[in-house]
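Enquirer: Numbering (the numbering used here), first residue to last: 18 to 850. Quick reminder that beta carbons are idealized off the backbone N, C-alpha and C, glycines included.
1) Quick check: what's the CA-CA separation for residue 731 versus residue 661?
2) So who's on the other strand from residue 558, going by DSSP bridges?
3) Using DSSP bridges, identify the partner residues of residue 772.
4) For the alpha helix (DSSP H) containing residue 3, list its first residue and its last residue.
5) For residue 133, which three-state DSSP category applies?
6) What whole-angstrom Cβ distance do residue 32 and residue 38 have, given they're in contact under 8 Å?
7) Measuring CB to CB, does residue 53 end up less than 8 Å from residue 42?
8) Where residue 518 and residue 738 are concerned, what is the direct C-alpha to C-alpha distance, given to the nearest angstrom?
9) Excluding the 5 residues preceding and the 5 following residue 533 in the sequence, name in chain order all residues of the same chain whose CB lies nearer than 7 Å to its CB.
10) Which same chain residues, not among the five before or five after residue 497, have their C-beta less than 6 Å away from its C-beta?
11) Output the distance between the C-alpha atoms of residue 648 and residue 469, rounded to the nearest integer angstrom.
12) If you drop the 5 nearest sequence neighbours on each side, which residues of the same chain put their C-beta closer than 8 Å to that of residue 436?
13) Taking the straight line between their C-alpha atoms, what separation do you get for residue 325 and residue 273?
14) Would you report the Cα separation of residue 761 and residue 698, rounded to the nearest angstrom?
15) State yes or no: is the C-beta of residue 51 within less than 8 Å of the C-beta of residue 79?
16) Given a cut-off of 8 Å, decide if residue 551 and residue 441 are closer than it, judged by their beta-carbon atoms.
17) What are the uninterrupted segments assigned as beta strand (DSSP E) that are 3 or more residues long and contained completely in the region 777 to 833, given in chain order?
18) Below 8 Å, can you find three or more Cβ-Cβ pairs linking the region 674 to 681 to the region 785 to 793?
19) Do three or more CB pairs link the region 300 to 308 to the region 206 to 226 at distances below 8 Å?
20) Since residue 760 is in the alpha helix (DSSP H), which residue starts that stretch and which ends it?
21) Near residue 162, what residues of its chain come up, given a Cβ to Cβ distance below 7 Å and the 5 sequence neighbours on each side ignored?
22) Taking its Cβ as the centre, do 16 or more other Cβ atoms sit within 10 Å of residue 842, making it buried, or is it exposed?
23) Go through its chain and collect everything with a Cβ distance to residue 656's Cβ below 6 Å, but skip five positions before and after it.
24) Is residue 235 helix, strand or coil when you go by DSSP?
25) In terms of DSSP beta bridges, what is residue 155 paired with?
26) Let me know the secondary structure DSSP gives residue 503 once reduced to three states.
27) Quick check on the burial criterion: 16 or more other C-beta atoms within 10 angstroms. Buried or exposed for residue 650?
28) Tell me, to the nearest whole angstrom, how far the beta carbon of residue 642 is from that of residue 623; I am working on the premise that it is less than 8 Å.
29) Where residue 299 and residue 289 are concerned, what is the direct C-alpha to C-alpha distance, given to the nearest angstrom?
30) For residue 276, name the three-state secondary structure that DSSP assigns.
31) Could you give the C-beta distance for residue 808 and residue 704, rounded to a whole number, given that I count them as a contact under 8 Å?
32) I'd like the span of the alpha helix (DSSP H) that includes residue 300, first residue to last.
33) At least one CB of chain D closer than 8 Å to the CB of residue 67: is that the case?
34) If the criterion is Cβ atoms closer than 8 Å, does the pair residue 132 and residue 120 meet it?
35) In this structure, how does DSSP classify residue 160 when only helix, strand and coil are distinguished?
36) In whole angstroms, what separates the C-alpha of residue 712 from that of residue 548?
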């Protein structure tokens with residue numbers, strides 16, 4: 018037993034049994050009173066604050082005291098003096114008016130304190146939102162629904178998942194609807210769940226529990242409760258019972274807790290159905306014991322920390338358990354995969370608690386409660402010892418670091434009425450032309466959209482001139498300077514291009530770029546001597562960090578990027594990495610050498626990185642000037658949210674779309690293998706849009722798999738052609754192991770189509786369970802299995818996937834439109850100037 022647990026037990030005896038309540042310390046400390054209800058979840062919510070009480074005192078000057086709710090209600094309150102913040106719990110199931118009355122009483126006794134409510138109920142429901150909205154400053158919940166619109170629906174029963182089971186299993190439950198005021202979302206915070214309990218948190222210390230596991234499946238759980246709960250649990254118990262005789266199953270009877278824990282240590286798979294809430298203590302008992310957790314899909318909710326990652330820390334099941342037997346059989350037959358997932362779950366929580374990350378993550382809530390005023394030197398010191406210090410503009414490491422609401426991208430505030438004159442921008446874009454080439458198309462979009470905001474001088478290669486002039490360049494309030502490097506002998510160009518192709522995603526060699534940049538610098542210096550004036554230079558394309566510029570020698574502030582590179586092929590795909598077409602694969606260090614010689618990043622005022630991998634590859638000294646921003650945006654008019662096709666069925670084929678280059682790192686053979694498996698059960702169609710060196714091999718693969726009739730290769734299409742294909746598709750699938758741009762993912766989301774991608778590269782920063790599915794990049798065999806499951810799941814739960822497509826459209830509109838991209842850049846320009 019840990020020292021923290023022993024200390025907590027002594028505290029409980031002091032408070033609960035002896036009734037000894039210590040007074041607050043000196044008046045210089047901030048006083049935080051926690052009025053507690055003694056329940057399993059209530060203890061889990063309080064314990065992490067109590068465990069870190071000495072750290073909170075040292076870092077923020079906070080003095081925490083606990084007062085049991087029963088004593089407060091009995092009028093035995095020794096803390097009636099001034100208090101800075103009061104947080105309280107109440108028994109789950111109380112009517113809203115009673116909880117509001119309790120909050121009102123606390124507010125009357127502590128009129129100057131900020132008030133927080135720690136909801137100790139198990140489900141995602143918010144029955145007290147309307148009643149507490151005018152009374153509390155913060156409302157802390159262990160889990161919430163990702164789609165906030167679902168809180169407006171009338172439920173059968175008292176929980177979102179309970180409504181599903183009550184309707185499907187025909188359980189008699191009353192109708193409930195709890196209004197959520199618009200202003201409430203700014204008060205809603207994700208907080209600790211059962212993993213933080215004094216019983217469970219200490220078990221995530223030490224190493225991964227190894228040992229013999231002679232039990233295949235453990236499924237001991239209660240089946241008694243309300244109508245929907247009993248029906249749901251009985252269905253789960255029946256499913257587990259069907260495994261008896263084929264596997265070593267433990268499902269009957271209740272054990273003493275010590276024996277129950279010992280049994281889990283001998284178990285390979287722990288089946289944990291939903292409880293009164295989706296997340297249960299059993300989930301974390303399984304993770305701590307090293308079991309593989311099989312559980313109904315949790316992709317509809319958020320929790321803190323984000324520990325339920327499909328196929329990475331647990332295996333999701335269909336809510337009707339139709340795939341339960343299949344997944345049990347698979348993971349019992351694939352021990353290495355079973356153990357890898359179980360170990361990742363255990364290691365994730367061991368790392369979280371071991372690094373004391375809660376202490377940093379809780380600071381925004383403390384600020385909300387008036388107990389902290391922002392970052393402190395102590396916090397920075399802790400991060401330097403191994404905490405998760407995040408670069409400016411990056412996402413927070415844990416959900417508690419932000420309020421639960423619709424999250425907009427980090428965009429600097431636009432200046433007010435006294436804004437400076439429009440800046441005159443010098444934009445260097447080697448690739449810049451409308452058309453199908455991704456880099457050139459993105460360069461064109463930046464040029465035409467920035468020139469609509471302010472005067473622009475575009476510097477680009479002479480090869481782009483015909484396409485630019487055909488599109489109307491130079492655009493109003495802009496001019497164009499063309500640079501020529503075509504005098505380089507063809508054999509030299511082919512040799513160097515072959516060495517460096519695909520380094521960072523651009524087919525531009527360092528030789529070609531340095532010739533272009535040097536020539537451009539000479540032309541621009543002569544233009545300045547002739548009277549040209551610019552306020553800021555921005556080197557946009559090429560996107561590879563190898564492309565270091567000399568533009569700072571013009572004496573102007575310089576912005577770089579978005580740069581996009583340093584995205585590796587995951588180690589689990591060595592056979593794909595070996596197909597990398599570059600004869601020299603270790604070219605990346607040259608980028609650092611060029612940067613050291615030319616001092617590009619040292620002189621840059623702003624560096625944009627398209628993804629965290631690129632950011633991590635940049636010199637540490639320039640990180641504070643870095644921002645994360647995708648280089649591509651979405652044209653909402655071109656990619657419209659059309660109606661979803663008729664749901665796939667026995668007569669209606671599932672339509673799958675892939676868009677991208679036909680190259681090894683796109684993972685298309687894995688998609689073909691999954692299509693072959695699905696096609697053996699149900700009608701399916703795959704449309705492949707793109708061109709590349711693998712086309713003939715892919716056609717041959719489709720023929721070998723006997724799926725040529727349901728796979729159509731369309732070749733390269735422009736954006737209008739892609740939009741037309743998206744309108745006919747049910748789902749967009751991108752199994753790329755090294756995707757750096759993500760344009761096609763954004764187009765699919767804009768068209769209201771759900772997306773499936775691998776959890777690597779840029780896709781990991783775009784896709785989540787709200788808009789589709791991220792598949793762990795754990796090897797080709799594993800990816801094929803999970804792709805197959807995902808495509809079958811679309812047929813089984815079409816409405817869930819349709820709603821994911823709808824959520825994708827909403828996200829693109831709020832975060833990934835061109836207006837948002839250029840608006841962010843214009844605001845950063847003004848900050849520089």
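Expert: So, from the listed chains and residues:
1) Counting from 1 along the chain shown, the entry for residue 731 is found at position 714. Counting from 1 along the chain shown, the entry for residue 661 is found at position 644. In a straight line, the C-alpha of residue 731 is about 21 Å away from that of residue 661.
2) As a position in the chain shown, residue 558 is number 541, starting the count at 1. 446, per the DSSP bridge assignment.
3) Within the chain shown, numbered from 1, the residue matching residue 772 stands at position 755. 749, 789.
4) Because the chain here runs from 18 to 850, residue 3 falls outside it and cannot be looked at.
5) For this step, residue 133 is matched to residue 116 along the chain shown. Strand, per DSSP.
6) By one-based count along the chain shown, residue 32 stands at place 15. By one-based count along the chain shown, residue 38 stands at place 21. Right, their Cβ atoms sit about 7 Å apart.
7) Translated into the one-based positions of the chain shown, residue 53 becomes position 36. Translated into the one-based positions of the chain shown, residue 42 becomes position 25. No. Outside cutoff.
8) As a working mapping, residue 518 is identified with position 501 in the chain shown. As a working mapping, residue 738 is identified with position 721 in the chain shown. Only weak support is given to the placement of residue 518: the predicted model assigns it a pLDDT of 48, under 50, and the value that follows is read from those uncertain coordinates. Each residue's alpha carbon lies about 27 Å from the other.
9) As a first step, residue 533 must be located in the chain shown, where it is residue number 516. Answer for residue 533: 447, 478, 500, 502, listed in chain order.
10) For the purposes of this step, residue 497 is taken as residue 480 along the chain shown, with counting starting at 1. Result list for residue 497: 475, 490, 491, in chain order.
11) Along the chain shown, read from residue 1 onward, the residue named residue 648 stands at position 631. Along the chain shown, read from residue 1 onward, the residue named residue 469 stands at position 452. Taking the straight line from one Cα to the other gives about 18 Å.
12) Residue mapping note: residue 436 aligns to position 419 of the chain shown, counting from 1. Confidence in residue 436 is poor, its pLDDT being 36 and thus under 50, which makes the residue's placement unreliable; the coordinate value appears in the next sentence. Correct list, in chain order: 847.
13) The residue labelled residue 325 in the question sits at position 308 within the chain shown. The residue labelled residue 273 in the question sits at position 256 within the chain shown. So the alpha carbons of these two residues sit roughly 27 Å apart.
14) Translated into positions along the chain shown, residue 761 becomes position 744. Translated into positions along the chain shown, residue 698 becomes position 681. C-alpha separation (whole angstroms): 28 Å.
15) Taking the chain shown and counting its residues from 1, one reaches residue 51 at position 34. Taking the chain shown and counting its residues from 1, one reaches residue 79 at position 62. No, they are not a contact pair.
16) Your numbering for residue 441 matches position 424 in the chain shown. Your numbering for residue 551 matches position 534 in the chain shown. In contact: residue 441 and residue 551 (Cβ atoms closer than 8 Å).
17) 789 to 792
18) no
19) yes
20) Locating residue 760 in the chain shown gives position 743, where the first residue counts as 1. Looking at the DSSP string, the run of the alpha helix (DSSP H) that includes residue 760 is 760 to 767.
21) Along the chain shown, read from residue 1 onward, the residue named residue 162 stands at position 145. 141, 168, 177, 317, 318, listed in sequence order.
22) For the purposes of this step, residue 842 is identified with residue 825 of the chain shown, where counting begins at 1. By the 10 Å Cβ count, residue 842 comes out buried.
23) Locating residue 656 in the chain shown gives position 639, where the first residue counts as 1. 740, 764, 767, 768.
24) On the chain shown, residue 235 is found 218 positions in, with the first residue counted as 1. Strand.
25) As a working note, residue 155 is residue 138 in the chain shown. DSSP, once it has assigned bridges, lists 133 as partnering residue 155.
26) Stepping through the chain shown from its first residue, residue 503 is reached at position 486. Coil, per DSSP.
27) For the purposes of this step, residue 650 is taken as residue 633 along the chain shown, with counting starting at 1. Buried.
28) Your numbering for residue 642 matches position 625 in the chain shown. Your numbering for residue 623 matches position 606 in the chain shown. Indeed, because the Cβ distance is near 6 Å, the residues count as touching under 8 Å.
29) Indexing the chain shown from 1 puts residue 299 at position 282. Indexing the chain shown from 1 puts residue 289 at position 272. Straight-line Cα distance between these residues: approximately 7 Å.
30) For the purposes of this step, residue 276 is identified with residue 259 of the chain shown, where counting begins at 1. It is helical.
31) Here residue 808 is taken as the residue at index 791 of the chain shown, counted from 1. Here residue 704 is taken as the residue at index 687 of the chain shown, counted from 1. About 14 Å separates the two Cβ atoms, so there is no contact after all.
32) Indexing the chain shown from 1 puts residue 300 at position 283. Unbroken alpha helix (DSSP H) run through residue 300: 298 to 306.
33) Looking for chain D here will not work: only one protein chain is present.
34) Taking the chain shown and counting its residues from 1, one reaches residue 132 at position 115. Taking the chain shown and counting its residues from 1, one reaches residue 120 at position 103. Yes, the pair counts as a contact, with Cβ atoms nearer than the cut-off.
35) Taking the chain shown and counting its residues from 1, one reaches residue 160 at position 143. DSSP places residue 160 in strand when its eight states are reduced to three.
36) For the purposes of this step, residue 712 is identified with residue 695 of the chain shown, where counting begins at 1. For the purposes of this step, residue 548 is identified with residue 531 of the chain shown, where counting begins at 1. Roughly 52 Å between the two C-alpha positions.
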